[in-house]
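S.K.: Structure in structure tokens, see below.
Protein chains: 2
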Amino acid sequence: MKFDFYLPVEVLFGSGRLYTLGEVAKRYGYRAIIITGKNSTKENGALDRAIRSLKKWGAEEVILYDRVEPNPTDQMVNEASAIVVENKIDYIVGLGGGSALDTAKAVSIVSSNEGYAWDYVNYPEGPRLIPYLNRPVICIPTTAGTGSEVNRYSVISNPKRKEKLVISHSLNYPKVAIIDPTLTLSMSPRLTAITGVDAFVHALESLTNKVENIFADDLAIRALRIIKEWLPVAVNEPENLTAREWMSYASMLAGIAIDKKRVALIHGMEHPVSAHYPNVAHAEGLAALAPAITAFNYKGNPQKYALFAEIMGYEPKPEKAVDAVVELLEKVGLRVSLKELGVEKEKLERLTEDTYMLSRGLFPINPVEPTVEDIYELYVKAYEGF
Amino acid sequence: MKFDFYLPVEVLFGSGRLYTLGEVAKRYGYRAIIITGKNSTKENGALDRAIRSLKKWGAEEVILYDRVEPNPTDQMVNEASAIVVENKIDYIVGLGGGSALDTAKAVSIVSSNEGYAWDYVNYPEGPRLIPYLNRPVICIPTTAGTGSEVNRYSVISNPKRKEKLVISHSLNYPKVAIIDPTLTLSMSPRLTAITGVDAFVHALESLTNKVENIFADDLAIRALRIIKEWLPVAVNEPENLTAREWMSYASMLAGIAIDKKRVALIHGMEHPVSAHYPNVAHAEGLAALAPAITAFNYKGNPQKYALFAEIMGYEPKPEKAVDAVVELLEKVGLRVSLKELGVEKEKLERLTEDTYMLSRGLFPINPVEPTVEDIYELYVKAYEGF
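Chains as they are written, first to last, in the working numbering: chain A, 26 to 411; chain B, 26 to 411.
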């Protein structure tokens with residue numbers, strides 16, 4: 026039994042807690058930037074409430090960077106970082122889905138150090154990035170799925186290179202996560218399903234991969250039990266606050282679990298998909314890949330997949346894991362193939378290459394270590410619909 | 026659903042991980058003090074191995090403070106703090122049971138700030154204690170029970186005042202916890218039982234008290250399941266490493282749970298007992314008090330006590346919680362009364378007064394808010410043997 030655990034994020038969880046933003050932010054200075062997307066936080070009022078809270082508690086200046094899009098790019102990070110430096114911003118608020126939070130975290134690193142966003146993907150731990158100098162980040166998720174508010178990851182796309190890579194660094198943790206489940210009430214059933222499946226795959230992949238971490242496993246197990254029970258409710262009854270609260274909690278747990286155990290091949294093969302097809306939502310890609318990859322993986326960690334099947338209400342047999350994944354995806358309307366998502370068959374070889382070039386660091390921890398041929402076959406299966 | 030979660034301790038858990046001490050400590054400087062007890066860490070070799078690891082990784086000076094005793098006093102903290110200042114110590118290693126760890130943490134605060142240990146009991150959060158200036162603390166538990174390695178508490182006794190109070194402050198977290206279950210292998214069955222019951226009561230009290238924190242509840246529930254299964258094994262087979270690993274893990278979980286939810290009346294009434302009778306081990310006092318207080322408490326939080334009973338293998342009925350507590354204590358040979366522990370009947374009034382004077386901050390979160398008369402009656406029951 027061996028594990029490491031480090032979670033330097035202060036979590037403030039609860040319905041209505043967005044109102045504490047100003048009070049918390051005051052610790053970090055007077056000049057704020059809010060990093061958010063183009064529409065949803067304006068439409069549902071979250072942005073206005075955030076600004077009001079900051080001003081009420083004495084923020085002198087609140088600058089807005091509202092150009093974050095799904096699958097955020099290195100260029101957005103660089104642009105926002107320049108604004109932060111130019112305006113001598115004290116602290117950064119990320120408000121929105123995973124894209125806004127990932128961008129906010131990356132902007133802290135880039136604006137507080139030398140260089141550009143792409144310099145920091147796969148940046149090693151070490152003495153060059155100095156703790157306490159990075160601008161503090163407060164993350165406020167408005168979806169339930171990413172877990173970005175409690176982990177060290179920022180997934181960044183580089184459209185020129187058609188690559189999607191990860192800044193993974195202990196200085197990329199937010200200082201504070203304000204998780205207010207009421208902010209997720211305005212998600213559509215479809216967005217609820219997509220983001221919920223992201224959390225689901227986080228929990229599934231962290232539980233079943235080969236990294237040993239009993240604490241993270243316990244959190245992933247708890248997340249799966251909650252997601253099984255509450256994700257379908259949240260999708261079918263968007264205004265059910267209890268379901269929203271449970272999903273926000275499960276998403277946080279799964280976000281911590283992947284911080285300690287990383288993900289595995291489903292994520293490794295998805296990133297090239299949304300890198301080449303930026304209109305594909307991350308979790309749509311995950312949904313298309315998960316059944317085939319689960320069928321490929323379960324023999325590599327039969328105990329954990331049997332446990333997973335049991336949690337999902339099946340007999341505790343590893344092969345039942347595939348049915349369990351398929352059933353959950355069907356229940357939330359996300360049973361799709363790569364073909365249906367618009368992926369072209371002739372691209373599957375390039376996707377295979379990219380998985381090998383960019384994600385092979387995950388291969389050794391995947392339940393079954395894949396060959397390049399395995400990857401290609403899995404893409405074909407996910408393309409045709411497993 | 027509302028909770029806060031903050032755990033800035035880096036946990037390194039695993040059998041044999043004591044050897045990483047030197048490598049980890051190197052981050053914090055060159056001049057170390059090890060704070061430990063008089064005997065056990067010398068006899069079982071842990072102290073030698075800790076010193077060797079520090080020296081191997083370049084520590085210039087390793088000073089020893091080995092005068093910590095059970096129920097550590099403010100005077101020990103003051104004495105060790107003076108040594109730390111005198112010797113310009115860079116970082117502090119706490120090695121031992123709860124007493125050594127609590128002392129090490131308190132020495133960091135006292136040696137890095139003004140004044141004496143007793144100035145910091147119940148010290149409020151605020152700007153006067155400055156983060157990053159406090160000397161870093163590395164905690165290495167050699168028992169499984171206290172949870173001190175992952176929380177903000179140091180329980181300190183003041184023999185002149187016959188008071189036992191708590192330093193509870195966010196600057197009292199250790200920087201690193203190295204939890205190496207092999208260090209607990211040399212505990213006698215009796216010490217295993219005593220320390221294990223401490224973890225058990227942490228989990229019981231945090232789960233059932235009135236503070237709302239679902240995350241801490243989940244950790245307490247997991248701890249209870251493990252303790253039920255593995256504490257009797259650890260007591261009966263002291264060299265069973267699997268049992269030791271599970272107990273170290275459960276103790277950590279329960280230590281995090283009380284950090285978020287605090288404890289309740291069992292701890293509140295125990296502290297005066299061991300303050301007046303320093304030869305009574307903390308968890309012996311807990312064991313004497315737990316059955317009567319559980320019988321008093323269960324109606325105040327029937328759902329949680331029913332859940333507790335179920336976890337312990339009983340029907341999910343709140344009143345079964347008493348049987349569950351009694352059975353666990355009997356299984357590990359800790360079914361005692363205050364009388365058997367040497368408490369004098371004529372002291373019960375004074376203990377009642379002290380509970381009211383020093384622990385009444387816990388009354389509102391106890392499942393049933395007690396009156397002074399309730400406290401006295403509970404002491405009488407625990408004295409006679411419930």
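Positions of the beta carbon are idealized from the N, C-alpha and C atoms, including for glycine. Every value quoted in this text rests on a predicted model; they were computed, and no experiment measured them.
So, helix, strand or coil for Gly170 of chain A, using DSSP?
M.R.: Working through the first sequence from its first residue, we reach residue 170 of chain A at position 145. Coil.
S.K.: Which bits of chain A does Pro341 of chain B rub up against, with CB to CB less than 7 Å?
M.R.: Indexing the second sequence from 1 puts residue 341 of chain B at position 316. The contacting residues do not exist; Pro341 of chain B stays about 18 Å from chain A at best.
S.K.: Give me the subset of the region 28 to 39 of chain A whose CB atoms are less than 7 Å from a CB atom of chain B, sorted by chain position.
M.R.: From the region 28 to 39 of chain A, only Phe28, Asp29, Phe30, Tyr31, Leu32, Pro33, Glu35, Val36, Leu37, Phe38 and Gly39 have a Cβ closer than 7 Å to chain B.
S.K.: Against chain B, with Cβ distances strictly below 9 Å, would Met26 of chain A count as a contact?
M.R.: For the purposes of this step, residue 26 of chain A is identified with residue 1 of the first sequence, where counting begins at 1. Yes, Met26 of chain A lies at the interface with chain B (some Cβ there is under 9 Å from its Cβ).
S.K.: Taking DSSP's pairing of strands, which residues face Asp243 of chain A in a bridge?
M.R.: Translated into positions along the first sequence, residue 243 of chain A becomes position 218. Paired residue(s): none; Asp243 of chain A is not in a bridge.
S.K.: Going by DSSP in three states, Thr217 of chain B sits in which element: helix, strand or coil?
M.R.: As a working note, residue 217 of chain B is residue 192 in the second sequence. Here Thr217 of chain B sits in helix by DSSP.
S.K.: If you measure between the beta carbons of Phe38 of chain A and Lys67 of chain B, is that distance less than 9 Å?
M.R.: Your numbering for residue 38 of chain A matches position 13 in the first sequence. Your numbering for residue 67 of chain B matches position 42 in the second sequence. Not in contact: Phe38 of chain A and Lys67 of chain B (Cβ atoms no closer than 9 Å).
S.K.: Within its chain, find whatever has a CB closer than 6 Å to the CB of Thr12 of chain B; leave out the 5 residues flanking it on each side and keep chain order.
M.R.: With chain B covering 26 to 411 only, the question about residue 12 of chain B has no answer from this structure.
S.K.: Rounded to the nearest angstrom, how far is the Cβ of Ala241 of chain B from that of Lys286 of chain B, given a contact under 8 Å?
M.R.: For the purposes of this step, residue 241 of chain B is taken as residue 216 along the second sequence, with counting starting at 1. For the purposes of this step, residue 286 of chain B is taken as residue 261 along the second sequence, with counting starting at 1. Indeed they touch by this definition, with Cβ atoms about 5 Å apart.
S.K.: By the 8 Å beta-carbon criterion, what residues does the region 379 to 392 of chain A contribute toward chain B?
M.R.: Of all residues in the region 379 to 392 of chain A, none has a Cβ within less than 8 Å of some Cβ in chain B.
S.K.: Taking only beta carbons into account, state which residues of the region 247 to 271 of chain A come closer than 7 Å to chain B, listed in chain order.
M.R.: Cβ contacts with chain B come from Arg247 and Glu270.
S.K.: Apart from the five residues on each side of it in sequence, which residues of its chain come closer than 7 Å, Cβ to Cβ, to Val449 of chain B?
M.R.: A query on residue 449 of chain B cannot be resolved here, the shown segment of chain B reaching from 26 to 411 and no further.
S.K.: For my contact list, Glu335 of chain A and Pro327 of chain A are in at a C-beta cut-off of 8 Å; report their separation, rounded to the angstrom.
M.R.: For the purposes of this step, residue 335 of chain A is taken as residue 310 along the first sequence, with counting starting at 1. For the purposes of this step, residue 327 of chain A is taken as residue 302 along the first sequence, with counting starting at 1. With 8 Å as the limit, Glu335 of chain A and Pro327 of chain A do not qualify as a contact, their Cβ atoms being about 12 Å apart.
S.K.: On a Cα-Cα basis, can you pick out the residue from B:Arg52, B:Gly62 and B:Ser78 that is closest to Gly41 of chain B?
M.R.: Start at 1 with the first residue of the second sequence, and residue 41 of chain B comes out as number 16. Comparing Cα positions, the closest option is B:Ser78.
S.K.: Go ahead and pull the three-state DSSP assignment for Pro257 of chain A.
M.R.: As a working mapping, residue 257 of chain A is identified with position 232 in the first sequence. Here Pro257 of chain A sits in helix by DSSP.
S.K.: For a contact defined as C-beta to C-beta under 8 Å, what are the partners of Tyr274 of chain B on chain A?
M.R.: Working through the second sequence from its first residue, we reach residue 274 of chain B at position 249. Per Cβ cutoff of 8 Å: Met26, Ile239 and Phe240.
S.K.: Can you find a CB in chain A that lies within less than 9 Å of the CB of Asp115 of chain B?
M.R.: Residue 115 of chain B sits at position 90 when you count from the first residue of the second sequence. Output row for Asp115 of chain B: interface = no.
S.K.: Would you kindly report the start and end of the unbroken beta strand (DSSP E) that includes Asn183 of chain A?
M.R.: For the purposes of this step, residue 183 of chain A is taken as the residue at position 158 of the first sequence. Segment Tyr178 to Asn183, the beta strand (DSSP E) holding Asn183 of chain A.
S.K.: Under a three-way DSSP split, which group does Asp115 of chain A fall into?
M.R.: The residue given as residue 115 of chain A occupies position 90 in the first sequence. Residue state, collapsed to three classes: coil.
S.K.: Please return the same chain residues whose Cβ sits closer than 6 Å to the Cβ of Met337 of chain B, not counting the five positions on each side in sequence.
M.R.: Your numbering for residue 337 of chain B matches position 312 in the second sequence. Same-chain partners within the cutoff: Lys253 and Ala349.
S.K.: Along chain B, in chain order, which residues have C-beta atoms closer than 7 Å to that of Asp243 of chain A?
M.R.: By 1-based counting over the first sequence, the position of residue 243 of chain A is 218. Residues of chain B passing the Cβ test: Arg247.
S.K.: Consult DSSP for Phe484 of chain B and reduce its assignment to one of helix, strand or coil.
M.R.: Beyond the ends of chain B as shown, which are 26 and 411, falls residue 484 of chain B; an answer cannot be given.
S.K.: Leaving aside the five residues before and after Leu89 of chain A along the sequence, list all residues of the same chain whose C-beta is less than 6 Å from its C-beta, in chain order.
M.R.: As a position in the first sequence, residue 89 of chain A is number 64, starting the count at 1. For Leu89 of chain A, where only same-chain residues beyond five positions count, the Cβ hits under 6 Å are Ile59.
S.K.: Taking the alpha helix (DSSP H) that Pro33 of chain B falls in, what are its first and last residues?
M.R.: In the second sequence, counting from the first residue as 1, residue 33 of chain B sits at position 8. Where Pro33 of chain B is concerned, there is no enclosing alpha helix (DSSP H), although the beta strand (DSSP E) it sits in stretches over Lys27 to Gly39.
S.K.: Quick one: grab the DSSP three-state call for Gly121 of chain A.
M.R.: For this step, residue 121 of chain A is matched to residue 96 along the first sequence. Strand at Gly121 of chain A.
S.K.: What residue does the alpha helix (DSSP H) around Tyr141 of chain A start on, and which one ends it?
M.R.: Residue numbering aside, residue 141 of chain A sits at position 116 when the first sequence is read from its first letter. No alpha helix (DSSP H) contains Tyr141 of chain A, which DSSP labels as neither H nor E.
S.K.: Would you say the region 351 to 360 of chain A touches the region 376 to 394 of chain A, given that touching needs at least three Cβ pairs under 8 Å?
M.R.: The region 351 to 360 of chain A, when compared against the region 376 to 394 of chain A, does not touch it at the 8 Å Cβ threshold.
S.K.: In this structure, what does DSSP give as the bridge partners for Leu232 of chain B?
M.R.: Taking the second sequence and counting its residues from 1, one reaches residue 232 of chain B at position 207. DSSP lists no partner for Leu232 of chain B.
S.K.: Contact check, Pro343 of chain A vs Tyr330 of chain A under 8 Å by CB: the rounded distance?
M.R.: Sequence index remark: in the first sequence, residue 343 of chain A carries index 318 (1-based). Sequence index remark: in the first sequence, residue 330 of chain A carries index 305 (1-based). Going by Cβ atoms, the distance from Pro343 of chain A to Tyr330 of chain A rounds to 4 Å, so yes, they are a contact pair.
S.K.: When you compare the CB of Arg160 of chain B with every CB in chain A, is at least one pair closer than 9 Å?
M.R.: Numbered from its first residue, the second sequence carries residue 160 of chain B at position 135. Closer than 9 Å: no.
S.K.: Do Leu120 of chain A and Thr167 of chain A have their C-beta atoms closer together than 9 Å?
M.R.: Here residue 120 of chain A refers to the residue found at position 95 of the first sequence. Here residue 167 of chain A refers to the residue found at position 142 of the first sequence. Result yes, Cβ atoms of Leu120 of chain A and Thr167 of chain A sit closer than 9 Å.
S.K.: From Val118 of chain B to Ile155 of chain B, what distance separates their C-alpha atoms?
M.R.: Residue mapping note: residue 118 of chain B aligns to position 93 of the second sequence, counting from 1. Residue mapping note: residue 155 of chain B aligns to position 130 of the second sequence, counting from 1. For Val118 of chain B and Ile155 of chain B, the distance between alpha carbons rounds to 20 Å.
S.K.: Are Ser133 of chain A and Asn69 of chain A touching if we call contact CB-CB under 9 Å?
M.R.: For the purposes of this step, residue 133 of chain A is taken as the residue at position 108 of the first sequence. For the purposes of this step, residue 69 of chain A is taken as the residue at position 44 of the first sequence. Cβ distance not < 9 Å, so Ser133 of chain A and Asn69 of chain A don't count as in contact.
S.K.: So is Arg42 of chain B in contact with chain A if we call contact Cβ pairs under 9 Å?
M.R.: Here residue 42 of chain B is taken as the residue at index 17 of the second sequence, counted from 1. Taking Cβ atoms only, chain A reaches closer than 9 Å to Arg42 of chain B, which makes this a yes.
S.K.: If you measure from the beta carbon of Pro199 of chain A to each beta carbon in chain B, is any gap under 9 Å?
M.R.: Along the first sequence, one-based indexing puts residue 199 of chain A at 174. So no, Pro199 of chain A is outside the interface.
S.K.: Less than 8 Å separating the Cβ of Val135 of chain B from some heavy atom of the ligand NAD?
M.R.: Among the components modelled here there is no ligand, and therefore nothing to report on the ligand NAD.
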